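The structure appears right after this line, and notes come after that.
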Amino acid sequence: GYKAFFTFVKNLNLASKIPISFIFPSLIALMLFISLPTSAQDNLNFPDSIHNKRLKGTIITGSAMYVGSMVGLYYLWYKDYPHSSFHFIDDSKGWLGVDKVGHMATSYYIGRFGYTALRWSGVKETPAIWIGGSVGFVFLITVEIFDGFSAEWGASAGDIIANGVGTIFFIGQQFLWHDQRFSLKFSYHFTDYARYNPEHLGESYAQRFFKDYNGHTYWLSANIRSFIRKESKFPKWLNVAVGYGARGMLGAKSNPSEINGETVPHFNRTPQYYLSLDIDLSRIRTKSEFLNILLNLVGFIKIPMPTLEYNKDDQFKFHFLYF
2 GYKAFFTFVK NLNLASKIPI SFIFPSLIAL MLFISLPTSA QDNLNFPDSI
52 HNKRLKGTII TGSAMYVGSM VGLYYLWYKD YPHSSFHFID DSKGWLGVDK
102 VGHMATSYYI GRFGYTALRW SGVKETPAIW IGGSVGFVFL ITVEIFDGFS
152 AEWGASAGDI IANGVGTIFF IGQQFLWHDQ RFSLKFSYHF TDYARYNPEH
202 LGESYAQRFF KDYNGHTYWL SANIRSFIRK ESKFPKWLNV AVGYGARGML
252 GAKSNPSEIN GETVPHFNRT PQYYLSLDID LSRIRTKSEF LNILLNLVGF
302 IKIPMPTLEY NKDDQFKFHF LYF
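Mapping to this note's numbering: the sequence shown position 291 is 292, numbers consecutive.
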């Protein structure tokens with residue numbers, strides 16, 4: 002439960018604020034998703050009217066997770082740092098924007114989970130879209146408030162905008178199509194950059210997964226079948242995806258020439274753009290309810306596929322499988 006969750010985060014021994022808006026929302030979203038019964042993932046089986054027990058359970062579970070995560074976040078992260086009056090910082094140029102795309106994806110998926118929970122509870126489509134779809138923004142805006150009162154950091158207007166874009170991205174599609182024809186996805190690969198600045202990019206593999214933005218890639222994955230006639234035999238699960246990432250980043254806004262008195266190599270801070278195929282696991286249905294929930298659970302992960310990359314240094318580059 003929460004004890005294991007916060008013990009895990011605390012044991013990451015994170016030394017900087019870099020990934021906080023990714024770690025907590027992402028893990029909380031997964032906890033919320035896992036807590037839903039399997040039938041919640043099949044949008045054909047949503048009840049036609051309010052299911053009181055389900056709705057009560059959803060509200061209690063969601064509220065407990067929100068309050069518990071905020072309390073835990075404060076004591077694990079902010080308590081030991083000096084406080085200040087509320088203020089903003091300009092981090093718009095940090096990490097070449099990779100972290101901002103991460104905010105969008107996190108807000109989008111928490112909203113998607115919130116919507117699913119309310120629909121499973123029998124809430125009608127429109128209120129479920131507005132209320133459930135906004136859960137991610139509410140969660141992340143609370144984190145920004147904590148940041149704003151911390152002398153160590155500060156609230157970020159860029160983060161708030163990115164959170165709003167992720168929320169609108171879900172809500173807009175749901176109203177337009179009652180479907181998520183476009184999904185935001187995530188992939189990760191380990192890089193060598195962390196060894197030059199482990200304090201900021203992570204010392205252990207667990208820390209590097211969360212902190213090393215050089216290994217983060219965020220994807221806009223489009224479902225082709227949803228845009229063509231229903232009679233088509235085109236696979237429902239096959240998507241095309243465009244991705245964004247960056248490399249060569251040892252610091253948020255620039256690379257230091259030396260770290261702890263030691264000279265570090267020069268790296269070009271380079272945005273990377275990708276074109277790839279993808280698999281929409283949420284559209285795969287099996288006879289096993291357990292397998293269906295598992296496919297939905299990992300649906301935010303971009304499946305490794307042949308990928309074409311473009312960056313200003315190497316121009317076009319082909320990956321047989323890109324992670």
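Even glycine gets a Cβ: it sits at the ideal position worked out from N, Cα and C. Quick caveat: nothing in here was measured; it's all calculated off a predicted structure.
Residue 212 carries a helical assignment under DSSP once its states are collapsed to helix, strand and coil. Residue 302 has its alpha-carbon roughly 13 Å from the corresponding atom of residue 103. The beta strand (DSSP E) runs of length 3 or more contained entirely in the segment 134-211 are, from start to end of the chain, 183-189. Per DSSP, the beta bridge partners of residue 312 are 316. For residue 223, the uninterrupted beta strand (DSSP E) run begins and ends at 217-224, by DSSP. In the three-state scheme derived from DSSP, where H, G and I count as helix and E and B as strand, residue 63 is classed as helix.
The way I'd put it, the segment 156-172 doesn't touch the segment 265-282; fewer than three beta-carbon pairs between them come closer than 8 Å. Here DSSP, grouped into helix, strand and coil, assigns residue 104 to helix. Secondary structure at residue 243: strand, using DSSP grouped into helix, strand and coil. Secondary structure note for residue 298: its alpha helix (DSSP H) is the uninterrupted segment 290-298. Under the DSSP assignment, residue 279 falls in the beta strand (DSSP E) whose first and last residues are 271-280.
Under the Cβ criterion (8 Å, minimum of three pairs), the segment 187-195 does not count as touching the segment 122-138.
One alpha carbon belongs to residue 206, the other to residue 199, and they sit about 11 Å apart. Leaving aside the five residues that flank residue 300 on each side, the residues in its chain whose CB is nearer than 6 Å to its CB run, in chain order, 282, 283.
In the assembly as shown, residue 321 is an exposed residue. Its beta-carbon has fewer than 16 other beta-carbons within 10 Å. With contacts defined as CB atoms closer than 8 Å, residue 119 and residue 111 fail to qualify as a contacting pair. Residue nearest to residue 249 within the set 237, 241, 265 is 265 (criterion: CA-CA distance). The C-beta separation of residue 59 from residue 122 comes to about 5 Å, placing the pair in contact by the 8 Å criterion. In summary, residue 114 is buried, with 16 or more beta-carbon neighbours lying within 10 Å of its beta-carbon over all protein chains present.
Within the DSSP secondary-structure output, residue 248 pairs in a beta bridge with 271.
Residue burial is scored here from C-beta neighbours: residue 188 has at least 16 other C-beta atoms within 10 angstroms and is therefore classed as buried. In this model, residue 98 and residue 273 are separated by some 11 Å (Cα to Cα).
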